[in-house]
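Residue numbering for the sequence shown follows our numbering, beginning at 337 and increasing consecutively. Think of the CB as a built atom: it goes at the ideal place given N, C-alpha and C, for glycine as much as any other residue. Just so we're clear, the structure is a prediction, and the values are computed from it rather than from any experiment.
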Amino acid sequence: MLCAFLVTFKQLLHSGFLSLAMMGLERLVMSLKSRVLRALRPKKLYDKVEKSDSMRIEIRSKKARKLIEKTLKIADSPRNRSYAF
């Protein structure tokens with residue numbers, strides 16, 4: 337029984353299957369190790385800054401400006417005659 341196992345083990349080793357399995361196992365161990373270390377690392381805590389009304393208006397105006405620029409760029413391009421929203 338042990339002899340049959342050793343023969344099978346040698347065949348697997350020579351076929352390259354075992355080395356692929358060991359590489360997969362090594363990759364799995366490294367992945368688990370990095371996840372555990374990341375979970376144990378203390379997280380940086382910070383206070384969340386609340387947005388004021390002026391900040392919200394500024395964000396909306398930036399988004400509107402970007403949309404206008406994009407629309408004008410499409411409207412001015414010679415390829416597109418119209419743009420459907």
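If I follow the unbroken alpha helix (DSSP H) through residue 390, where does it start and stop?
Taking the first residue of the sequence shown as 1, we reach residue 390 at position 54. 389-412 is the span of the alpha helix (DSSP H), which, as asked, contains residue 390.
Expressed to the nearest angstrom, what Euclidean distance is found between the alpha-carbon atoms of residue 403 and residue 409?
The residue you call residue 403 lines up with position 67 of the sequence shown. The residue you call residue 409 lines up with position 73 of the sequence shown. Near 10 Å, if we compare the C-alpha coordinates of residue 409 and residue 403.
When DSSP labels each residue in this structure, what does residue 341 get in the three-state scheme?
Translated into the one-based positions of the sequence shown, residue 341 becomes position 5. Low per-residue confidence applies at residue 341: pLDDT is 49, beneath 50, and the placement is therefore not dependable enough to give any value.
Whole angstroms are fine: how far does the CA of residue 370 sit from the CA of residue 376?
The sequence position of residue 376 within the sequence shown is 40, counting from 1. The sequence position of residue 370 within the sequence shown is 34, counting from 1. Between residue 376 and residue 370, the C-alpha separation is close to 10 Å.
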